[in-house]
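The numbering used here puts the first residue of the sequence shown at -14, with every later residue one more than the last.
Just so it is clear, CB atoms sit at the ideal spot from N, CA and C, and this is done for glycine as well.
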Amino acid sequence: MKRIAVLGTEEFAVGFRLAGIRDVHLAEGNVLSQARSIMQDRELGIVVMDEASFSRVPEDFRPELENSIDPVLVVLSAAGAGQESLRKQIIKAVGVDLMKGETA
């Protein structure tokens, strides 16, 4: 079974730790390098990243991470503004629109 990993700030990561996710990495220094390293792990199915940490990735390299399928990268917004982005990522990952019919 594939695992879930988290990359983000301490505030973002704490909830995932409480939920039992053990593969939690704090975004420090070169976030692009950290993300690439984490996404090389073939045992991961999903990498969850907070929007603040993802914004520290140079724009030229964001598509490289966003277009990954195995593992899929899910970027979550603290304000919930990233719902459409999350919807697209779920469709990419599972091939089905699980949020169809939901209103923002």
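Could you compute how far the alpha carbon of Lys77 sits from the alpha carbon of Asn52? 9 Å
Rounded C-alpha distance that separates Ile23 from Val9: 10 Å
Can you look up Val(-1) in the DSSP assignment and give me helix, strand or coil? helix
Using CA coordinates, which residue listed in Lys(-13), Arg7, Ile31, Ala12 is at the minimum distance from Thr(-6)? Ala12
Residues bridged to Val81 [DSSP beta-bridge criterion]: DSSP, once it has assigned bridges, lists no residue as partnering Val81.
Are the CB atoms of Val33 and Val(-9) within a distance shorter than 9 Å? Cβ distance < 9 Å, so Val(-9) and Val33 count as in contact.
Own chain partners of Ser62 with C-beta closer than 6 Å, once the 5 adjacent residues on each side are dropped: Short of 6 Å from the beta carbon of Ser62, and not among the five residues preceding or following it, lie these beta carbons of its own chain, in chain order: Glu36.
Determine the closest residue to Arg27 out of Val81, Leu50, Lys73, Asp55, with distance taken between C-alpha atoms. For the set Val81, Leu50, Lys73, Asp55, the Cα lying nearest the Cα of Arg27 is the one of Asp55.
Drop a sphere of 10 angstroms on the beta-carbon of Leu50, count the other beta-carbons inside from all chains shown, and report buried for 16 or more, exposed for fewer. buried
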